[in-house]
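Residue numbers are given in our numbering: position 121 of the sequence shown equals residue 121, and the series is strictly consecutive.
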Amino acid sequence: SYYYFKELRRKLIRDADFSVGSFLGWADTVALWLVFLASSFSYALTYFLKISNYLLIIIILGVLFVSIWQSLLFIGTKLKTSLLYTILFAIALIPIAWSLFFLPFGYNVLGLILTICYYFGLSFIRFYLMDNLSLKKIKYNLIFMILSLAVLLTVIKWR
Numbered sequence: 001s002y003y004y005f006k007e008l009r010r011k012l013i014r015d016a017d018f019s020v021g022s023f024l025g026w027a028d029t030v031a032l033w034l035v036f037l038a039s040s041f042s043y044a045l046t047y048f049l050k051i052s053n054y055l056l057i058i059i060i061l062g063v064l065f066v067s068i069w070q071s072l073l074f075i076g077t078k079l080k081t082s083l084l085y086t087i088l089f090a091i092a093l094i095p096i097a098w099s100l101f102f103l104p105f106g107y108n109v110l111g112l113i114l115t116i117c118y119y120f121g122l123s124f125i126r127f128y129l130m131d132n133l134s135l136k137k138i139k140y141n142l143i144f145m146i147l148s149l150a151v152l153l154t155v156i157k158w159r
């Protein structure tokens, strides 16, 4: 209602912090939504319009490149370093994105699987670039990634 939005506006204006760290959460959220929606859209095009997989991989590669690069630039890495890791990570995600075309799931599930792989790979790169990567973080991220993919694959409907 009106009072809810009025209070929300007052809180946002009072607590406005426009430093880079405050935009990091928003940048992650936007990047995750961008990867999920673009990859789901690309996987859906094969069902509805019969577009070649090669063209769709190029579209997915472009979206991944932009989202990885903006996420790495927000943590304060140098331009050359972020570009190098962006290219390497995007190239590493291409075989995963290609192999998802052949799985018997709906396009939204395929987009979600690619988004999960993107998120966990990007978290490893971020931890490494911020000199914060430890064996404990690797172990917990891998356990959480495997569990989330296992739950997803057991719950979804197979075609």
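Beta carbons are placed, not taken as given, at the ideal position from N, Cα and C, and that holds for glycine.
No experiment lies behind these values; they were computed from the predicted model shown.
Residue of L103, F144 and G121 minimising C-alpha distance to I91: Reading the sequence shown from its first residue, position 91 is the one you call residue 91. With distances taken between Cα atoms, I91 lies closest to G121.
Option nearest V63 by Cα separation, candidates A38, Y43 and I75 | Within the sequence shown, residue 63 is the residue found at index 63, counting from 1. Nearest C-alpha to V63: A38.
Do R159 and F102 count as a contact pair if the criterion is CB distance below 8 Å?
As a first step, residue 102 is located in the sequence shown; it is residue number 102 there, counting from the start. As a first step, residue 159 is located in the sequence shown; it is residue number 159 there, counting from the start. Their beta carbons are not under 8 Å apart, which means F102 does not touch R159 by this criterion.
Query - Alpha-carbon spacing of L73 relative to Y140, whole angstroms - result: As a position in the sequence shown, residue 73 is number 73, starting the count at 1. As a position in the sequence shown, residue 140 is number 140, starting the count at 1. About 25 Å.
Inset, instruction - Could you have a look at K157 and say whether DSSP puts it in helix, strand or coil? - result: Locating residue 157 in the sequence shown gives position 157, counting from the first residue. In the three-state reduction of the DSSP assignment, K157 falls in the coil class, being assigned neither a helical nor a strand state.
- Item | Whether S67 touches L45 by CB criterion (8 Å) | Here residue 67 corresponds to residue number 67 of the sequence shown, with the count starting at 1. Here residue 45 corresponds to residue number 45 of the sequence shown, with the count starting at 1. Taking 8 Å as the Cβ cut-off, S67 and L45 do not qualify as a contacting pair.
**Q.** Beta-carbon proximity list for L61, same chain, < 7 Å, skipping 5 on both sides
**A.** Sequence index remark: in the sequence shown, residue 61 carries index 61 (1-based). The beta carbon of L61 sits closer than 7 Å to those of A90 and I94, all from its chain and outside the five residues before and after it, given in chain order.
Going by other Cβ atoms of all chains shown within 10 Å of its Cβ, with 16 needed for buried, is A97 buried or exposed? Mapped onto the sequence shown, residue 97 falls at position 97. Under this definition A97 is a buried residue.
Taking the alpha helix (DSSP H) that F105 falls in, what are its first and last residues? In the sequence shown, the residue the question calls residue 105 occupies position 105. Here F105 belongs to no alpha helix (DSSP H), and DSSP marks it neither H nor E.
Exercise. Of the residues W69, L114 and L32, which one's Cα is nearest the Cα of L88?
Worked result: Along the sequence shown, one-based indexing puts residue 88 at 88. Here the closest residue by C-alpha is W69.
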